[in-house]
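Taking it in order: structure first as structure tokens, then the write-up.
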Amino acid sequence: MSRDQQLQASCTSVYNDYKLCLSGSNRNPQKCQEFLPSLRSCEKSLKVSYCINETQNLMNCARKPDRSVCAKEFVLMRECNRPGGPQLLITSEGSGAPRYEIHPNHLHLFNSISADLGPAEAPKRDRKRMQSLIQEMKKEFNAKAFDFVPYKFESFRPNPGK
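7 is the number of the first residue of the sequence shown in the working numbering; add one for each residue after it.
Next up, the structure:
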């Protein structure tokens with residue numbers, strides 16, 4: 007067995023032990039810290055990614071989900087595990103909001119003019135913003151009967167549509 011094969015076998019064994027530890031950690035990646043130095047050295051020497059940071063971020067978020075219900079963490083974990091490498095990235099330029107972008111090496115796989123796919127965080131929702139968007143859509147699509155949609159039970163109400 008060559009040195010590279012031994013290193014590959016050793017790293018696979020450490021990675022399997024790490025996954026086993028994580029499965030019994032009750033979503034607490036801190037319990038499996040002893041595997042990280044050897045896994046990181048395996049990543050450097052084998053030039054592969056074991057998605058350590060993505061796994062830890064997703065597990066930490068899953069313990070106490072944020073407003074997006076860990077959407078960014080799930081996307082990053084999925085992209086990290088792609089066989090050809092990540093196709094989507096989350097970038098933030100300066101102090102701007104994070105945005106989804108297509109990885110430059112995978113741009114040919116997408117039917118997109120730009121690598122920028124849009125914001126990685128959902129806009130804040132409020133009634134005023136939604137109403138203004140509805141007004142814009144009414145104008146743009148020339149929608150005249152947009153205000154009231156009668157339902158079957160509306161005829162039973164004293165003031166239908168109010």
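Ideal Cβ positions, reconstructed from N, Cα and C, are used throughout, including at glycine. Computed from a predicted structure; not experimentally measured.
What residue does the alpha helix (DSSP H) around residue i start on, and which one ends it?
| i | result |
| --- | --- |
| residue 106 | Unbroken run through residue 106 is the beta strand (DSSP E), 105-108; no alpha helix (DSSP H). |
| residue 42 | 42-52 |
| residue 16 | 9-29 |
One question on the structure: do residue i and residue j come within less than 9 Å of each other, judged by their Cβ atoms?
| i | j | result |
| --- | --- | --- |
| residue 74 | residue 13 | no |
| residue 104 | residue 121 | no |
| residue 46 | residue 58 | yes |
| residue 109 | residue 91 | yes |
| residue 94 | residue 79 | no |
Only counting the same chain, and skipping five residues up and downstream in sequence, which positions put a Cβ closer than 6 Å to that of residue i?
| i | result |
| --- | --- |
| residue 60 | 82, 83 and 86 |
| residue 23 | none |
| residue 33 | 65, 68 and 69 |
Under DSSP, the beta strand (DSSP E) around residue i begins and ends at which residues?
| i | result |
| --- | --- |
| residue 125 | 122-125 |
| residue 94 | 94-97 |
Give me, in chain order, the residues of the same chain whose beta-carbon lies closer than 8 Å to that of residue i; leave out the 5 immediate sequence neighbours on both sides.
| i | result |
| --- | --- |
| residue 16 | 48 |
Measure the beta-carbon distance from residue i to residue j and round it to whole angstroms, keeping in mind my assumption that it falls under 8 Å.
| i | j | result |
| --- | --- | --- |
| residue 65 | residue 89 | That pair is no contact at about 23 Å. |
| residue 37 | residue 31 | 4 Å |
Mapping DSSP to helix, strand and coil, what is residue i?
| i | result |
| --- | --- |
| residue 58 | helix |
| residue 119 | coil |
| residue 150 | coil |
| residue 130 | coil |
| residue 89 | coil |
| residue 144 | helix |
With a CB to CB cut of under 7 Å and the five nearest residues on each side skipped, what residues in its chain are close to residue i?
| i | result |
| --- | --- |
| residue 55 | 49 and 86 |
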